[in-house]
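Trainee: Please read through the structure below; I'll follow up with questions.
Residue numbers (this note's numbering), protein chains in the order written: chain P, 356 to 857; chain Z, 588 to 772.
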């Protein structure tokens, strides 16, 4: 027996797979004709995406007046959706970059799909600030290039480099580009696998997609080096992107936004919501595409642990924010929390003697979904339950949407002058754009599932010897034969085997 | 036409052991092809360390310089703005964009260098040694120009058999395939 088998971890590849099985199982869906289920799903998603396209077209045609914004509330549904989608985009790069550096083997089962979700989510996210500009055709003004808007010669009108909104432009576009490069480079060997199994036109197409990958020692050497450095670059990048998104709020002087806790709090929230979305989709995909042997309960449990951790960070951040509002003695900050957020008509409002906040339901929906409900994952049984995980992932998706809505709308809807207090509710155009982005996301994800290898074939093969169930069982048998003790899957501890080798 | 002898293994460990033992005996190996990275294989073959990380550093440094110089040019030289008497050269607020551009340039530069160095192209005229080498076979490749006489070839094949090869075959290609040394550092 060579290689290291883990004595404490569950197998990450079950069903006694061989290298051939792995290629067959993962290339199978790409090589077979689309199933009726896929076609129905695709049709529905594309229709919903169509609603989004129409709503966006209507917004561009008529202007931002079609939205429910007013003089007091200039950011609402659009920026909520922007931050929500960017957050969802954080799981993929976390899984592929940070977990690569930490050598977490379970990432190999889900990294490909999670990275795809990152890219699709960032596409959806990027739409919102763009259409929010109103005059989409002038969007290129945000890039710093010498222009004649300032006067003669180089005397150009530049964007404001001190503005977090401009930092965001750079952060989001860098994040998108680097994630795309990382994801695509990882796909090359797997496209080559599909190519070498195909003939005719399919072979030609996948050859082009694989850029002529052959898998020589030198290619793999460079590939490993490139992956590691890209992962190292992506790690601070993931953390920077949502920090910069949070600067959009934190550097302003709006009570409820002007908080130094925002960057870490936003990053934790982003990873939290990203994992929830990965779970929502992968729980369905693993069943529909027959991937239970590659995305096992052990994978789901690991992701639920991340959810519990980040969810608890978010919970602590909510309470810290609340405490600081009280402790700061700043009446405006206190007002936002007490009168605009917490005061519900039943318990806390009457207790504090404050009339119900207009958006109390949003605040409490956020608290329930994000802080209270994920605590169920302290129980191993719940972490390993597919039904509970699926319901929780939906809860978290909803809760994290409300978090952004609460931060944005409840902070601005009642400003310093009571005469300008206002209320916001979305119009059908805004709802249409939001639902449409979900359609765009799903359409892209379904296309990805049909034409791309959903699990990283080469990476899964590289952990087969250390995490495949038959190898763990074999190790257990060997150790049992030697010691007479049944250690269970994975055998004795590595320390025992090291002694034996010496 | 170029001729290669392909020895196929069905597992990575015998391949690695075979490469090591052949290298010890001084047999000329042209290349090794595997469906996933086999750790230690590049050392066993004697591949030089890749210089991709150096390229990454240089491109990153370019990104840092580009970001800082454009922002300084714009907000100090070309059009300084007075924000409440704050300095025009506001280094702390330049940091986020500088960081992003450093990462962006390093990543794009490294990926482009990687693709160029491997001769990757969408129009690649790919001739694989064996179709299964991207799925479930591990190949060690010999250039038959190095083993001209039939006697030498037979000796090589029987040597490979003793090292656990499950199949050997001769592959002719239109294009010359560079070996791991010629594929450069």
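Every residue gets a Cβ at the ideal spot worked out from N, C-alpha and C, and that includes glycine.
Predicted model, so just to flag it, every value in this text is computed and none were measured.
#1: Please list the partners that residue 547 of chain P has in chain Z, where partner means a Cβ-to-Cβ separation under 7 angstroms.
#2: With 9 angstroms as the limit, tell me which residues of the stretch 610-627 of chain Z have their beta carbon closer than that to any beta carbon of chain P; keep them in chain order.
#3: Counting only beta-carbon separations shorter than 8 angstroms, does residue 579 of chain P have a partner in chain Z?
#4: If you compare alpha carbons, which of Z:646, Z:735, Z:741 and Z:742 is closest to residue 589 of chain Z?
#5: Can you tell me whether residue 395 of chain P is buried or exposed, with buried defined as 16 or more other CB within 10 angstroms of its CB?
#6: Mind listing, in chain order, the continuous alpha helix (DSSP H) runs of no fewer than 4 residues lying wholly within the stretch 662-733 of chain Z?
#7: Which residue from P:541, P:499, P:639 and P:767 puts its Cα closest to that of residue 688 of chain P?
#8: Classify residue 357 of chain P as helix, strand or coil using the three-state DSSP reduction.
#9: What does the Cβ neighbour count give for residue 450 of chain P, buried or exposed, with the cut at 16 atoms within 10 Å?
#10: Within the chosen definition, does the stretch 613-630 of chain P reach the stretch 664-684 of chain Z through at least 3 CB pairs nearer than 8 angstroms?
#11: Using 8 angstroms as the limit for Cβ to Cβ distance, is residue 585 of chain P near chain Z?
#12: Given a limit of 7 angstroms on CB to CB distance, which residues of the stretch 711-738 of chain Z reach chain P?
#13: Quick one: which chain Z residues come within Cβ less than 7 angstroms of residue 572 of chain P?
#14: Please report how far the alpha carbon of residue 467 of chain P lies from the alpha carbon of residue 448 of chain P, in whole angstroms.
#15: Determine whether the Cβ of residue 749 of chain Z lies closer than 8 angstroms to any Cβ atom of chain P.
#16: So, at 6 angstroms on beta carbons, what are the nonlocal neighbours of residue 519 of chain P in its own chain, with the 5 sequence-adjacent residues on each side left out?
#17: List the residues of chain Z whose Cβ lies closer than 9 angstroms to the Cβ of residue 779 of chain P, in chain order.
#18: Would residue 444 of chain P pass as an interface residue toward chain Z - the criterion being a Cβ-Cβ separation below 8 angstroms?
#19: Only counting the same chain, and skipping five residues up and downstream in sequence, which positions put a Cβ closer than 7 angstroms to that of residue 697 of chain Z?
#20: With a floor of 4 residues, list each alpha helix (DSSP H) that falls wholly inside the stretch 618-702 of chain P, ordered by position along the chain.
#21: Using a Cβ cut-off of 8 angstroms, which residues of the stretch 668-697 of chain Z contact any Cβ in chain P, in chain order?
#22: Since residue 707 of chain Z meets chain P, which of its residues come closer than 8 angstroms, beta carbon to beta carbon?
#23: Tell me whether the beta-carbon of residue 661 of chain Z lies closer than 8 angstroms to the beta-carbon of residue 513 of chain P.
#24: So is residue 760 of chain Z in contact with chain P if we call contact Cβ pairs under 8 angstroms?
#25: Look up residue 571 of chain P in the DSSP assignment and give the residues it is bridged to.
#26: Rounded to the nearest angstrom, what separates residue 772 of chain Z and residue 569 of chain P at their Cα positions?
#27: Taking all protein chains shown into account, do 16 or more other C-beta atoms lie within 10 angstroms of the C-beta of residue 840 of chain P, making it buried, or fewer, making it exposed?
#28: Taking contact to mean at least 3 C-beta pairs separated by less than 8 angstroms, is the stretch 672-690 of chain P in contact with the stretch 635-647 of chain P?
#29: Hey, residue 622 of chain P and residue 594 of chain P: beta-carbon distance below 8 angstroms or not?
#30: Using a Cβ cut-off of 9 angstroms, pull out every chain P residue sitting near residue 662 of chain Z, in sequence order please.
#31: Near residue 381 of chain P, what residues of its chain come up, given a Cβ to Cβ distance below 6 angstroms and the 5 sequence neighbours on each side ignored?
#32: Using 8 angstroms as the limit for Cβ to Cβ distance, is residue 825 of chain P near chain Z?
#33: Any Cβ of chain P within less than 8 angstroms of the Cβ of residue 652 of chain Z?
#34: Do you know whose CA, among P:788, P:406, P:696 and P:829, lies nearest residue 720 of chain P's CA?
#35: Mark residue 356 of chain P as exposed unless 16 or more other C-beta atoms lie within 10 angstroms of its C-beta, in which case mark it buried.
#36: Decide if residue 707 of chain P is buried, meaning its Cβ has at least 16 other Cβ atoms within 10 Å, or exposed.
Mentor: Inspection of the coordinates gives the following:
#1: 721
#2: 618, 619, 620, 621, 622, 623, 624, 625 and 626
#3: yes
#4: Z:735
#5: exposed
#6: 678-704
#7: P:767
#8: Summary for residue 357 of chain P: the model assigns pLDDT 45, below 50, so the residue's position carries little reliability, and this model does not support an answer.
#9: buried
#10: no
#11: yes
#12: 711, 713, 715, 718, 720, 721, 722 and 723
#13: 618, 619, 628, 629, 632, 634 and 767
#14: 10 angstroms
#15: no
#16: 602, 603 and 606
#17: Those do not exist, as residue 779 of chain P stays about 30 angstroms from chain Z at its closest Cβ, beyond 9 angstroms.
#18: no
#19: 639, 642, 643 and 646
#20: 652-683 and 686-690
#21: 668, 670, 677, 680, 681, 683, 684, 686, 687, 688, 690, 691, 693, 694, 695 and 697
#22: 543, 566, 567 and 568
#23: yes
#24: no
#25: Z:620
#26: Unreliable placement is indicated for residue 772 of chain Z, whose pLDDT of 47 sits below 50; the coordinate value is still reported in the next sentence. So the two alpha carbons sit approximately 18 angstroms from each other.
#27: exposed
#28: no
#29: yes
#30: 513, 515, 516 and 517
#31: 808, 810 and 812
#32: no
#33: no
#34: P:696
#35: Confidence at residue 356 of chain P is low in this model, with a pLDDT of 42, below 50, so its placement is unreliable and no value can be given for it.
#36: exposed
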